[in-house]
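Scroll down for the structure; my scribbles are underneath it.
In our numbering, the protein residues as written are 2 to 664.
What follows is the structure, encoded as structure tokens:
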């Protein structure tokens, strides 16, 4: 396929070494490089090819994002190659990012000439031959199709629902994720054919930097990384600060447990993120853009590097971009995975080559940031929203959402839910809609217990808040926060004290140690939680007294840490305890006063036994027990030796007859 960045027609003044970029980035109704009819015809021809509206051979696309690879997508990819070689049928094989439905990985779609694209989920290596023989060989729609995606001019498959009508996708409003999972993330041609970089082209050719900021302010876009600070206002602070050098930084240092939004967006559509970064740089007057991303995201880094190289080669990055006089270069800075480096000033220190530790503010980074120069830091999702605003206008962006929370929000839906994955919904959408309609509800007939939203800094919302909208104000009123967008569903088998202990352990390990309230306070809170979950030592009365004294000071200690810590990490460190304590105080009381874990999770408070009436003597539990604590003859009821049992739960997981009882 010819690249869209090739010269548009013989009369074009651009040479192959300096492609005609304006030809592919302008709007159809806007100026082309010239008004030659042949130029317009050639442009449409290339766009049709890039959108795959006319293909000569079958195209098979495999989702090879991180989640897809973890599920075996690369094996599926190899099986497709082997089928093509063995059958002698030419096939064009492409890779794409995560479409969002992670529970259906590995995902692939097949497009044969003249027909819509067929999507299949949970494809295994040994299913590839039968699948390709059916769709490509016989021209039939194979069973178990997840859905079909319409292609202009192509015939739809009978009896196959539309992909976007799938229960997971139907309630969503995909803007940031619009191209994720359906286009080649490594192809600039595919990006441009889908309207990519139109927002940037419009910004630098039709708007002054101040007008760009006004448009973003009018849209109501707020930072999608934490506190929800108005994006346009942050940009204006940096623009109004005179300096000979300014920096625009993309914060892709995603560290919240259960969050994978930034990684998936970059893997699936790196060009959208870079376009938003370029628009922001133009708006504030920056000539250097930096993507700060954790080194644990090798695929995302690889796709960013390839995208930057292609944009530079075709003139969308570099000097005098689109003859506008604007110059911008981009580079990637790999982080070492420290959670605290998600905080702006710690991130800046890391880029400068220093230890990632926060500093007091003011001055704020927009006034004095990287190397003492004005610096704006936005996260991945914030920047991915910017191109749409510049292409379609502020009114388009703010047409969805709620009050001062406009636009959409991407969530990483995980935990005890049927369909996990990446979800994008309008701001203000109830949590219930995300859980039940998008996620398919809690599996195995279990009862919903809470939704943990916003990462360690967020909160746990119980059943009474299921109809709370996911917008900044509603979540704050409920005692939680938007955060970066992690949404973990918890069921009745979750111990909220144990959950708080897990998050406090994470926070304590990730504390940079700069200030005493966070460093020592988080450690002390963790010790109190560990004491609450520990079996009593009847020989040590002093330990019992210390335990009760710690419990009585738990909320006071949390307040001191929140009020006196230096940065956002420390100020929100007590949130896991405070939010669970507010909604699930009875569980804390059961642990403290009754030495009992209602959920049957805390090992020191539970005992395993086997129901003789249900046990069939299959011996599976005995074989799975790591310490040999289960005895019994085959086809006879088994029993647990309490003295040997380490309460790991392996027997409960292995039993197919619900014969293992936890008390």
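Positions of the beta carbon are idealized from the N, C-alpha and C atoms, including for glycine.
Since we're looking at a predicted model, the values are computed, not measured.
With a cut-off of 8 Å on Cβ pairs, the region 581-594 is not in contact with the region 635-645, counting fewer than three such pairs. Within the same chain, and ignoring the five residues on either side of residue 170 in sequence, the residues whose Cβ sits closer than 7 Å to its Cβ are 164. A direct Cα-Cα distance of roughly 17 Å separates residue 389 from residue 173. Rounded to whole angstroms, the separation of the alpha carbons of residue 546 and residue 425 is 49 Å.
Put simply, the backbone Cα of residue 383 is about 46 Å away from that of residue 607.
Counting only unbroken stretches of 4 or more residues, the alpha helix (DSSP H) elements lying wholly within the region 411-488 are 473-478, in sequence order. Less than 8 Å divides the Cβ of residue 201 from the Cβ of residue 276.
Judged by their CB atoms, residue 469 and residue 584 are not nearer to each other than the 8 Å cut-off. Pairing residue 430 with residue 489 gives a Cβ-Cβ distance that is not under 8 Å. The C-alpha of residue 98 is placed about 6 Å away from the C-alpha of residue 181.
Sequence-distant partners of residue 548 (beyond 5 residues in either direction) whose C-beta falls short of 7 Å from its own C-beta, in its chain, are 532. Within the region 382-415, complete beta strand (DSSP E) segments of at least 3 residues are not found at all. Short of 6 Å from the beta carbon of residue 120, and not among the five residues preceding or following it, lie these beta carbons of its own chain, in chain order: 110, 147, 148, 164. For the pair of segments examined, the region 340-357 was found not to touch the region 316-332: the number of CB pairs separated by less than 8 Å stays below three. Between the region 395-403 and the region 208-227 there are three or more C-beta pairs closer than 8 Å, enough to call the two in contact. The three-state reading of DSSP puts residue 325 in coil, since its state is none of H, G, I, E or B. Rounded to whole angstroms, the gap between the alpha carbons of residue 216 and residue 322 is 21 Å. In this structure, 153 is the residue among 134, 212, 103, 153 with its C-alpha nearest to the C-alpha of residue 116. In summary, residue 477 is exposed, with fewer than 16 beta-carbon neighbours lying within 10 Å of its beta-carbon over all protein chains present. Measuring C-alpha to C-alpha distances from residue 137 to each of 61, 302, 378 identifies 61 as the nearest.
Sixteen is the threshold: since fewer than 16 other Cβ atoms of the shown chains lie within 10 Å of the Cβ of residue 632, the residue is exposed. A contact is defined here as three or more CB-CB pairs under 8 Å, and the region 249-258 meets this definition with respect to the region 284-293. Here residue 641 carries a strand assignment [DSSP, helix/strand/coil].
Leaving aside the five residues that flank residue 497 on each side, the residues in its chain whose CB is nearer than 6 Å to its CB run, in chain order, 581, 585, 588.
Take the alpha-carbon of residue 505 and the one of residue 300: they are about 30 Å apart. In the three-state reduction of the DSSP assignment, residue 499 falls in the helix class. With respect to residue 611, residue 638 sits close: the two C-beta atoms are nearer than 8 Å. Counting along the chain, no beta strand (DSSP E) covers residue 247, and no H or E run does either. Rounded to whole angstroms, the separation of the alpha carbons of residue 372 and residue 296 is 23 Å. For residue 356, the closest alpha carbon among the candidates 363, 347, 362 is that of 347.
CA-to-CA, the gap between residue 658 and residue 449 works out to about 23 Å. Taking 8 Å as the cut-off, the beta carbon of residue 381 is found no closer than this to the beta carbon of residue 270.
Fully contained in the region 109-182 are the following beta strand (DSSP E) runs of length 3 or more, in chain order: 109-112, 118-121, 146-150.
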